[in-house]
Amino acid sequence: MWVFGASAVVGEDAFALKSTVETGWTSNATETTDGPSDLFVEHEHELSLTGAIGALSLRGTLLFEQTRFATISVEDDMSAAAGVEATLELDKGMALRAGYAVTRDWIGEGLPLDGTLIGIAGGKVTHETMLELAVAGADQQVSMTVNGSWRYPEKSVISGLPIVLPPVRLDPEVGVVGVGVNWEKAVSSTMAVLGRLKGDFSNVPEDDQIDYVRLPGTAGTAAGGIRAKEGNLFVEFLAGATMVWPLIDPALREVLPYLAMQSEIALSERWSVALRAEKRVELDDPLDPVASGVSEVELSARYRMTDAISLSAAISRSDEAGIFDPSQTRQVQSASLRLDYVIADQASLSLAALRKWVEASDGDYAVDRYTLAINTQF
Numbered sequence: 082m083w084v085f086g087a088s089a090v091v092g093e094d095a096f097a098l099k100s101t102v103e104t105g106w107t108s109n110a111t112e113t114t115d116g117p118s119d120l121f122v123e124h125e126h127e128l129s130l131t132g133a134i135g136a137l138s139l140r141g142t143l144l145f146e147q148t149r150f151a152t153i154s155v156e157d158d159m160s161a162a163a164g165v166e167a168t169l170e171l172d173k174g175m176a177l178r179a180g181y182a183v184t185r186d187w188i189g190e191g192l193p194l195d196g197t198l199i200g201i202a203g204g205k206v207t208h209e210t211m212l213e214l215a216v217a218g219a220d221q222q223v224s225m226t227v228n229g230s231w232r233y234p235e236k237s238v239i240s241g242l243p244i245v246l247p248p249v250r251l252d253p254e255v256g257v258v259g260v261g262v263n264w265e266k267a268v269s270s271t272m273a274v275l276g277r278l279k280g281d282f283s284n285v286p287e288d289d290q291i292d293y294v295r296l297p298g299t300a301g302t303a304a305g306g307i308r309a310k311e312g313n314l315f316v317e318f319l320a321g322a323t324m325v326w327p328l329i330d331p332a333l334r335e336v337l338p339y340l341a342m343q344s345e346i347a348l349s350e351r352w353s354v355a356l357r358a359e360k361r362v363e364l365d366d367p368l369d370p371v372a373s374g375v376s377e378v379e380l381s382a383r384y385r386m387t388d389a390i391s392l393s394a395a396i397s398r399s400d401e402a403g404i405f406d407p408s409q410t411r412q413v414q415s416a417s418l419r420l421d422y423v424i425a426d427q428a429s430l431s432l433a434a435l436r437k438w439v440e441a442s443d444g445d446y447a448v449d450r451y452t453l454a455i456n457t458q459f
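Anchor point for the sequence shown: position 61 equals 142 in my numbering, and the numbering is continuous, going up by one each time.
1) Measuring only the C-alpha atoms, how far is ASN456 from THR107?
2) When you compare the stretch 298–306 with the stretch 321–340, are there three or more beta-carbon pairs, one atom per stretch, that lie closer than 8 Å?
3) Would you check if the stretch 345–352 and the stretch 367–376 touch, i.e. whether three or more CB-CB distances between them fall below 8 Å?
4) So, at 6 Å on beta carbons, what are the nonlocal neighbours of THR452 in its own chain, with the 5 sequence-adjacent residues on each side left out?
5) Which of the three DSSP states is assigned to ALA95 in this structure?
6) Which residues mark the beginning and the end of the beta strand (DSSP E) in which GLU265 is found?
7) Could you check which residue in GLY164, MET386 and SER391 has the C-alpha nearest to that of LEU130?
8) Measuring alpha carbon to alpha carbon, tell me which of VAL316, ASN284, HIS208 and GLN409 ends up nearest ASP369.
9) For VAL354, I'd like the list of residues in its chain whose CB is within less than 6 Å of its CB, leaving aside the five on either flank, ordered along the chain.
10) Could you tell me the boundaries of the alpha helix (DSSP H) in which GLN290 lies?
11) DSSP three-state label for LEU130, please.
12) Taking a contact to mean a Cβ-Cβ separation below 8 Å, would you say GLY189 touches SER240 in this structure?
13) Would LEU420 pass as a contact of ILE396 if the rule is Cβ separation under 8 Å?
14) Who are VAL46's beta bridge partners in DSSP?
15) Measure the alpha-carbon distance for GLY116 versus ASP400 and round it to whole angstroms.
16) Would DSSP call SER100 helix, strand or coil?
17) Distance check for SER283 and ALA300, CA to CA, integer angstroms please.
18) Going by DSSP, what residues sit across from GLN427 in a beta bridge?
19) Identify whether PRO247 lies in helix, strand or coil by the three-state DSSP scheme.
20) Out of SER270, VAL336, PRO286 and VAL223, point me to the one whose CA is closest to TRP231's CA.
21) Need the endpoints of the beta strand (DSSP E) that SER160 sits in, please.
22) Return yes when the Cβ of LEU435 is within less than 8 Å of the Cβ of ARG450, no when it is not.
23) Should ASP388 go down as buried or exposed, given a rule of 16 or more other Cβ atoms within 10 Å for buried?
24) Report yes or no: do the stretch 155–172 and the stretch 126–145 share at least 3 C-beta pairs separated by less than 8 Å?
25) What number of angstroms, rounded off, separates the C-alpha of ALA416 from the C-alpha of THR114?
26) What is the rounded straight-line gap between the Cα of SER429 and the Cα of LEU139?
27) Can you tell which of ILE329, SER393, ALA394 and THR323 has its C-alpha closest to the C-alpha of GLU359?
28) Beta-carbon within less than 6 Å of VAL316's beta-carbon, same chain only, minus the 5 sequence neighbours each way: which residues are those?
29) For the putative contact between VAL249 and LYS266, defined by C-beta atoms under 8 Å, what is the C-beta separation to the nearest angstrom?
30) Rounding to the nearest angstrom, what Cα-Cα distance links GLU254 and ASP289 in this structure?
31) Excluding sequence positions up to five away, which residues of its chain have a Cβ less than 8 Å from the Cβ of VAL90?
32) Run through DSSP, which three-state label would LEU296 get?
33) CA-CA distance, GLY92 and ILE134?
34) Can you tell which of THR197, ASN263 and ASP281 has the C-alpha that lies nearest to the C-alpha of VAL274?
Here it is, written out as structure tokens:
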């Protein structure tokens, strides 16, 4: 999914190119029960152009990603995306932002079955939009946002079977539109109170509702919290509730807790620790026909050994369960270690190791992954 960034600002480079090339080994290339090991290469490139005409700032971005496996070629993936963002300063303290992005994905999946590897080659096109009006005063700010995402899966080709099957679409078309208001007010030089109201609405074509057992849903969220920075400690915390229901029967509504929290503390000049936690509702790609409840937590630490070398470690856990079909579950736990070495201002090397454990309704598996990456920026 495309992530809209901050608007272009004065002094930002008009041209920027970021690239990452990564190679490594994985113990489970298909990420399935008893999946095969393989070597792989991944590369990612981002080209951005920024400029300004009076009060209007513009940014255009192109993204390209590809993953290739040495032997399990049915798992090869590729993605290309293009996006444009604009910011218009309407008045002092008032700005209007808009963005549009389109992403084309070519997706490969492998499914080991009785000693045979079944290949599923598919794709999808995703359109995303964003519109935001931000108004800032002396001690408070309000932003009103409308965003949308529309996913159009294509027909998949299935290989590795004794018979030839015609191409078939395996996933429904889904659109999700969100409307939100975020408010913050400074109560001191180190603290601000926060408020959030948000509504999300998913849509599925009628034919797809029947063919793929997927139903549109609605979710409304209300939350409040604080943001504080005191010395080496930063904390942002929002807590509240989300009400979610299927469009066909609002009486089936459920209320779930909502949480968005992040904090970081610098223990010394070299040591820092960060914590992130989230509880939310997933409407775009849920486990059950309507919506999933998702809980995520991550604890990470970073040690700067020298000005050029740093060591990072993280542990995380994610739990997802169907809200209206609790039998559909997925739990992911991971532990990672990463060493970064800055070669020059525009280049760095990374060594990383990852262990992931997955428990899901359709099977459990584990993945080990070791990688070497070179990162460049111009």
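Note that CB positions come from ideal geometry on N, CA and C, so glycine has one too.
Judging by the given coordinates:
1) Against the sequence shown, residue 456 aligns to sequence position 375. Against the sequence shown, residue 107 aligns to sequence position 26. Approximately 20 Å, taken between the alpha carbons.
2) yes
3) no
4) As a working mapping, residue 452 is identified with position 371 in the sequence shown. Cβ within range, chain order: GLU103, GLY105 and ALA433.
5) As a working note, residue 95 is residue 14 in the sequence shown. DSSP, read as helix, strand or coil, puts ALA95 in coil.
6) Taking the sequence shown and counting its residues from 1, one reaches residue 265 at position 184. Note, GLU265: beta strand (DSSP E), 255–267.
7) What you label residue 130 is simply residue 49 of the sequence shown in a count that begins at 1. When each option's Cα is compared against that of LEU130, the closest is GLY164.
8) Here residue 369 refers to the residue found at position 288 when the sequence shown is read from its first residue. A check of alpha carbon separations from ASP369 across VAL316, ASN284, HIS208 and GLN409 identifies GLN409 as the nearest.
9) Along the sequence shown, read from residue 1 onward, the residue named residue 354 stands at position 273. If we look at VAL354 and ignore the five residues flanking it on each side, its Cβ neighbours are ILE346 and ALA382.
10) Your numbering for residue 290 matches position 209 in the sequence shown. Bounds of the alpha helix (DSSP H) holding GLN290 are 287–292.
11) Within the sequence shown, the letter at position 49 stands for residue 130. Strand, per DSSP.
12) Residue 189 sits at position 108 when you count from the first residue of the sequence shown. Residue 240 sits at position 159 when you count from the first residue of the sequence shown. The answer is no: Cβ separation not under 8 Å.
13) Residue mapping note: residue 420 aligns to position 339 of the sequence shown, counting from 1. Residue mapping note: residue 396 aligns to position 315 of the sequence shown, counting from 1. Contact: no.
14) Because the chain is modelled from 82 through 459, residue 46 falls outside the range shown and cannot be assessed.
15) Position 35 of the sequence shown, counted from the start, is the residue given in the question as residue 116. Position 319 of the sequence shown, counted from the start, is the residue given in the question as residue 400. Near 22 Å, if we compare the C-alpha coordinates of ASP400 and GLY116.
16) Numbered from its first residue, the sequence shown carries residue 100 at position 19. SER100: strand per DSSP, three-state reduction.
17) For the purposes of this step, residue 300 is taken as residue 219 along the sequence shown, with counting starting at 1. For the purposes of this step, residue 283 is taken as residue 202 along the sequence shown, with counting starting at 1. So the two alpha carbons sit approximately 9 Å from each other.
18) As a position in the sequence shown, residue 427 is number 346, starting the count at 1. DSSP lists no partner for GLN427.
19) What you label residue 247 is simply residue 166 of the sequence shown in a count that begins at 1. PRO247 falls in the coil class under three-state DSSP.
20) On the sequence shown, position 150 is the one that residue 231 refers to. Looking at the Cα atoms, PRO286 is the closest of the given residues.
21) Taking the first residue of the sequence shown as position 1, residue 160 is located at position 79. Element bounds for SER160: 158–172.
22) To locate residue 450, count along the sequence shown from 1; it is residue 369. To locate residue 435, count along the sequence shown from 1; it is residue 354. Yes, the pair counts as a contact, with Cβ atoms nearer than the cut-off.
23) Within the sequence shown, residue 388 is the residue found at index 307, counting from 1. Looking at its Cβ environment, which holds fewer than 16 other Cβ atoms inside 10 Å, ASP388 is exposed.
24) yes
25) Looking up residue 416 in the sequence shown gives position 335. Looking up residue 114 in the sequence shown gives position 33. So the two alpha carbons sit approximately 19 Å from each other.
26) For the purposes of this step, residue 429 is taken as the residue at position 348 of the sequence shown. For the purposes of this step, residue 139 is taken as the residue at position 58 of the sequence shown. When rounded, the distance between both Cα atoms is 29 Å.
27) Position 278 of the sequence shown, counting from 1, holds the residue named residue 359. Checking every option, the nearest Cα to that of GLU359 belongs to THR323.
28) Against the sequence shown, residue 316 aligns to sequence position 235. ALA309 and SER344.
29) For the purposes of this step, residue 249 is taken as the residue at position 168 of the sequence shown. For the purposes of this step, residue 266 is taken as the residue at position 185 of the sequence shown. Not really, about 53 Å apart at Cβ, beyond 8 Å.
30) Residue 254 sits at position 173 when you count from the first residue of the sequence shown. Residue 289 sits at position 208 when you count from the first residue of the sequence shown. GLU254 and ASP289: Cα-Cα distance of roughly 7 Å.
31) Residue mapping note: residue 90 aligns to position 9 of the sequence shown, counting from 1. Low local confidence applies: a pLDDT of 45 at VAL90 is under 50, so the model's placement there is unreliable, with the coordinate-based value given in what follows. Cβ neighbours of VAL90 beyond the five flanking positions: SER138.
32) In the sequence shown, residue 296 corresponds to position 215, counting from 1. Looking at LEU296 - three-state DSSP - the assignment turns out to be coil, as it is neither helix nor strand.
33) For this step, residue 92 is matched to residue 11 along the sequence shown. For this step, residue 134 is matched to residue 53 along the sequence shown. The predicted model places GLY92 with a pLDDT of 46, which falls under 50 and marks its position as unreliable, so this point remains unresolved.
34) The count along the sequence shown starts at 1 and reaches residue 274 at position 193. Nearest C-alpha to VAL274: ASN263.
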